[in-house]
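Participant: In our numbering, the protein residues as written are 33 to 610.
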Amino acid sequence: MKRFFASSSRFIVGTVLVSILVAATVLRDDLFELRKNFEIFGALYEEIAINYVDDVRPQPFMRAGIDAMLSQLDPYTHYFDEADMVDMQLMQRRKIGTVGLNVGLRGGRLTVLAPENNAAAYRQGIRTGDIILQIGETPTDNVTVEEAYELLMGQPRTTVEVLVQRGAELSPRVFVLPRALPRSQNVSYSGYLGPDSTAGLAYLKLDIFGDRSAREVKRALRNMDRVNPLKGIVLDLRGNPGGILGEAVDIVELFVPKGSLVVSTRTRVDNAVQEFKTDADPLFPEVPMVVLIDRYSASASEIVAGALQDYDRAVIMGETSFGKGLVQITRPLPHNTLLKLTVSHYYLPTGRTIQSFELNSASARVAVPTLTSFVTAGKRPVRGGAGVEPDRRIVVEPSSELESVLLQESAYFLFADLWVDRHCAAAANAGAPGTVANTPVSGANTPGVGATISKPLDQNCLAQSGATFDEFREWLPQSGIQLVTDSELMLTRLESEFALSNYHVQSEMNSLKSALLAQKTARLGTLRPNIDRRIEEEIRSRLLSEKDQNTQLVASDTWIAEALQLVRDSGAVGRILN
């Protein structure tokens with residue numbers, strides 16, 4: 033027996049030594065390749081910068097090389113040069129508005145990347161992977177990422193026109209994007225649901241996982257619990273793009289037992305696993321809970337929703353989430369520059385990853401498993417590799433073609449400015465509460481839009497806003513907004529093909545155009561409820577405080593109403609989770 037243990041020990045020691053030698057050899061080979069290619073890159077850069085036939089600007093030339101290298105990786109790895117850092121600091125100090133787009137160079141083209149904080153641009157119809165061809169009057173052929181951000185930024189409540197190419201579509205799309213200030217708070221709304229606050233049904237909207245977001249969530253829930261003990265919680269993570277990983281762990285900690293694994297991360301180094309567990313007793317261990325997510329809930333949002341789902345602690349309701357299972361850190365670089373770098377995958381308590389697509393290039397590969405089945409703590413089936421899939425799915429009716437065009441042209445945004453200026457002037461002194469002063473509105477060539485709104489505003493005019501549709505329909509033909517649908521574009525291309533082929537069908541084509549126009553006009557009338565709702569939301573945003581706006585939005589939100597109906601029935605929540 034002793035001889036067996038001795039031989040086994042020698043075998044283990046020998047195996048370890050071999051592993052160390054192999055690892056050292058691999059590391060030495062990697063370092064050799066790194067040094068070799070760095071020397072080649074440096075020599076090439078120096079040779080071109082010094083001896084090229086024309087002057088080469090070193091900084092933009094180097095930046096082009098960096099952007100080209102990073103385009104071979106995932107969409108979340110990004111380099112910030114000194115100008116970027118200065119711009120970010122200036123934007124924070126000067127309160128510059130943004131459209132909420134995350135862009136980068138992919139294959140040498142300015143491309144829309146993952147969603148940012150509850151960005152209106154994404155809700156308006158811009159999608160990850162769209163190619164930006166033009167910003168305002170500036171083509172993006174030779175525009176850097178930094179220049180693109182500068183073009184997209186501007187004074188809050190102004191707009192910028194963006195020309196976008198999507199996939200293999202024949203014609204580019206035009207979006208008129210409103211600019212807004214970045215949010216300063218993480219929790220945009222908290223309060224009781226339903227007419228009776230004593231029912232203790234809490235609702236909380238978390239927009240981003242920023243610094244102190246867990247404290248904001250904890251404070252809001254504890255304050256409501258002190259007034260009326262909570263009997264149900266609805267946590268709204270729709271449109272939340274994520275943020276700080278530790279904040280997600282601290283939020284899950286409020287609802288699951290102490291010592292519970294929330295998420296683990298794994299790097300490229302074998303067995304380099306870091307686990308994040310709760311280290312305090314939960315404040316609300318048994319209160320029935322519903323978490324709302326949508327297709328824009330990403331990263332830390334998915335960690336919270338996925339962990340609560342894996343522990344059967346909350347019913348996840350809504351749409352399948354975005355699917356971002358990669359972790360980034362920031363690394364300071366010389367000369368006040370910065371690299372945001374993807375360093376690991378994260379895995380939920382069941383062991384599943386939610387990364388929903390595979391990123392491959394000749395340079396790097398971010399491996400993603402195929403859809404794999406897992407089971408929760410209560411043996412419910414869940415899947416990995418496809419975002420967080422809801423327990424209770426809410427079917428979202430796709431917007432009609434006409435609605436999509438109205439949205440991407442910012443028709444509601446532009447009309448609301450005109451309507452408020454026309455109907456909500458009060459006989460008060462300038463500068464009184466409710467005044468919108470010297471607010472430029474730009475975008476379309478719209479009568480009345482492009483001037484400044486400087487009259488004091490009367491909130492009582494909200495009572496008139498239910499009768500806006502007819503005025504909106506009269507305004508549209510004069511607004512300069514082109515409500516061109518895909519069907520009309522197809523008809524125009526068909527007309528061109530007929531003309532090139534010498535087919536004489538102009539009268540038939542005119543009849544088709546007239547029929548399309550008549551049906552489009554009629555369809556606009558059928559969309560009246562949706563159009564009225566959109567316009568009223570825009571009008572409220574100009575007249576009410578953010579808190580009052582959110583109160584009205586919560587009261588009219590059908591997703592929240594469905595979550596309320598479920599969370600007030602603890603038996604129904606239990607049946608789903610068990």
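Where is the CB? At the ideal position from N, CA and C, for every residue including glycine.
As the structure is a prediction and not an experimental result, all values here were calculated from the model.
Is the segment 313 to 329 touching the segment 372 to 380, taking contact as three or more C-beta pairs under 8 Å?
Facilitator: The segment 313 to 329 is not in contact with the segment 372 to 380.
Participant: Would you decide whether Q579 is buried or exposed? Buried here means 16 or more other CB atoms lie within 10 Å of its CB.
Facilitator: Looking at the sequence itself, residue 579 is Lys, so the reference to Gln does not match. By the neighbour-count rule (16 or more Cβ atoms within 10 Å), K579 is not buried but exposed.
Participant: Would you give the residue range spanned by the alpha helix (DSSP H) that Q440 belongs to?
Facilitator: 433 to 440 is the span of the alpha helix (DSSP H), which, as asked, contains Q440.
Participant: Could you check the C-alpha separation between R505 and A550 for me, to the nearest Å?
Facilitator: Each residue's alpha carbon lies about 14 Å from the other.
Participant: Do you know how far the Cα of M101 is from the Cα of V196?
Facilitator: So the alpha carbons of these two residues sit roughly 24 Å apart.
Participant: Between which residues of its own chain and W591 is the CB-CB distance below 7 Å, once the five residues before and five after are set aside?
Facilitator: These residues qualify, in order along the chain: L324, G350, I426.
Participant: Taking only three categories from DSSP, how would you classify K237?
Facilitator: Here K237 sits in strand by DSSP.
Participant: Leaving out five residues before and five after F501 in sequence, what residues of the same chain have Cβ atoms less than 7 Å from its Cβ?
Facilitator: R560, I563, D564, listed in sequence order.
Participant: Contact defined as beta carbons within less than 8 Å: I believe T170 pairs with L183. What is the distance between those atoms, to the nearest angstrom?
Facilitator: Sure, about 6 Å apart at Cβ, within 8 Å.
Participant: Please classify P366 as buried or exposed, where buried requires at least 16 other C-beta atoms within 10 Å of its C-beta.
Facilitator: Exposed, by the Cβ-count rule.
Participant: For the 8 Å Cβ check, are there 3 or more pairs between the segment 199 to 207 and the segment 226 to 233?
Facilitator: Output reads no: the segment 226 to 233 does not touch the segment 199 to 207.
Participant: With Y379 as the anchor, note down where its alpha helix (DSSP H) starts and where it stops.
Facilitator: Unbroken run through Y379 is the beta strand (DSSP E), 369 to 379; no alpha helix (DSSP H).
Participant: Thinking S329 and R270 are a contact (beta carbons under 8 Å), I'd like their distance in whole angstroms, please.
Facilitator: So it is a contact: roughly 6 Å between Cβ atoms.
Participant: DSSP three-state call for G223: helix, strand or coil?
Facilitator: G223 falls in the strand class under three-state DSSP.
Participant: Can you tell me which of V322, K411, V85 puts its alpha carbon nearest to the alpha carbon of L225?
Facilitator: Nearest C-alpha to L225: V322.
Participant: Taking Cβ positions, are L165 and T176 nearer each other than 8 Å?
Facilitator: It is not a contact, given that the beta carbons lie outside the stated cut-off.
Participant: Distance check for P413 and E529, CA to CA, integer angstroms please.
Facilitator: If I take the Cα positions, the gap works out to 53 Å.
Participant: Based on the DSSP secondary-structure assignment, which residues constitute the bridge partners of R425?
Facilitator: Bridge partners of R425: G350.
Participant: Check this for me: beta carbons of D344 and P381, under 8 Å apart or not?
Facilitator: Their beta carbons are not under 8 Å apart, which means D344 does not touch P381 by this criterion.
Participant: Exposed or buried, what is N477 when buried is set at 16 or more other beta-carbons lying within 10 Å of its beta-carbon?
Facilitator: Residue placement at N477 cannot be trusted, given a pLDDT of 34 that sits under 50; the coordinates are not used to answer.
Participant: What alpha helix (DSSP H) runs, 4 residues minimum, are completely inside the segment 281 to 362?
Facilitator: Those alpha helix (DSSP H) runs which fall completely within the segment 281 to 362 and span 4+ residues are 332 to 342.
Participant: So, with DSSP's three-state summary, where would you put A212?
Facilitator: In the structure shown, A212 sits in a strand (DSSP, three-state: E or B).
Participant: Can you give the beta carbon distance from G419 to T385, rounded, assuming they're within the 8 Å contact cut?
Facilitator: About 10 Å separates the two Cβ atoms, so there is no contact after all.
Participant: Once the 5 residues before and after V433 are set aside, which same chain residues still bring their CB inside 8 Å of it?
Facilitator: According to the sequence provided, residue 433 is Glu. The question's Val does not apply to it. T517, D518, S519.
Participant: Please report how far the alpha carbon of S388 lies from the alpha carbon of E79, in whole angstroms.
Facilitator: Their backbone Cα atoms lie some 42 Å apart in a straight line.
Participant: Between S353 and G274, which are expected to be in contact by the criterion C-beta below 8 Å, what is the C-beta distance as a whole number of angstroms?
Facilitator: Going by Cβ atoms, the distance from S353 to G274 rounds to 10 Å, so no, they are not a contact pair.
Participant: Taking the Cβ atom as the reference point for each residue, do L76 and Q156 lie within a distance shorter than 8 Å?
Facilitator: Not a contact, by the Cβ cut-off of 8 Å.
Participant: Say yes only if the C-beta of Q551 is nearer than 7 Å to one or more non-hydrogen atoms of the ligand NAD, and no if none qualify.
Facilitator: Absent from the structure shown: the ligand NAD. Ligands present: none.
Participant: Between the Cα of I348 and those of T362, T310, S333, spot the shortest distance and give me the residue it belongs to.
Facilitator: The residue with the shortest Cα to Cα distance from I348 is S333.
Participant: Leaving out the 5 sequence neighbours to the left and right, which residues in its chain are closer than 7 Å to D313 when beta-carbon positions are compared?
Facilitator: Only K290 meet the Cβ criterion.
Participant: What would DSSP say about Y84, mapped onto helix, strand or coil?
Facilitator: Residue state, collapsed to three classes: coil.
Participant: Determine the burial state of V428: buried for a count of at least 16 other Cβ atoms within 10 Å of its Cβ, exposed for fewer.
Facilitator: Per the 10 Å Cβ criterion, exposed.
Participant: Assign F64 to one of two classes, buried (16 or more other C-beta atoms within 10 Å of its C-beta) or exposed (fewer than that).
Facilitator: Looking at its Cβ environment, which holds fewer than 16 other Cβ atoms inside 10 Å, F64 is exposed.
Participant: Thinking R159 and T190 are a contact (beta carbons under 8 Å), I'd like their distance in whole angstroms, please.
Facilitator: So it is not a contact: roughly 23 Å between Cβ atoms.
Participant: What residues in its chain sit with their C-beta under 6 Å from that of R138, if we drop five residues either side in the sequence?
Facilitator: S103.
Participant: In chain order, what residues of the same chain have a beta carbon less than 6 Å from the beta carbon of A81, not counting five sequence neighbours either side?
Facilitator: Contacts found: V88, P90.
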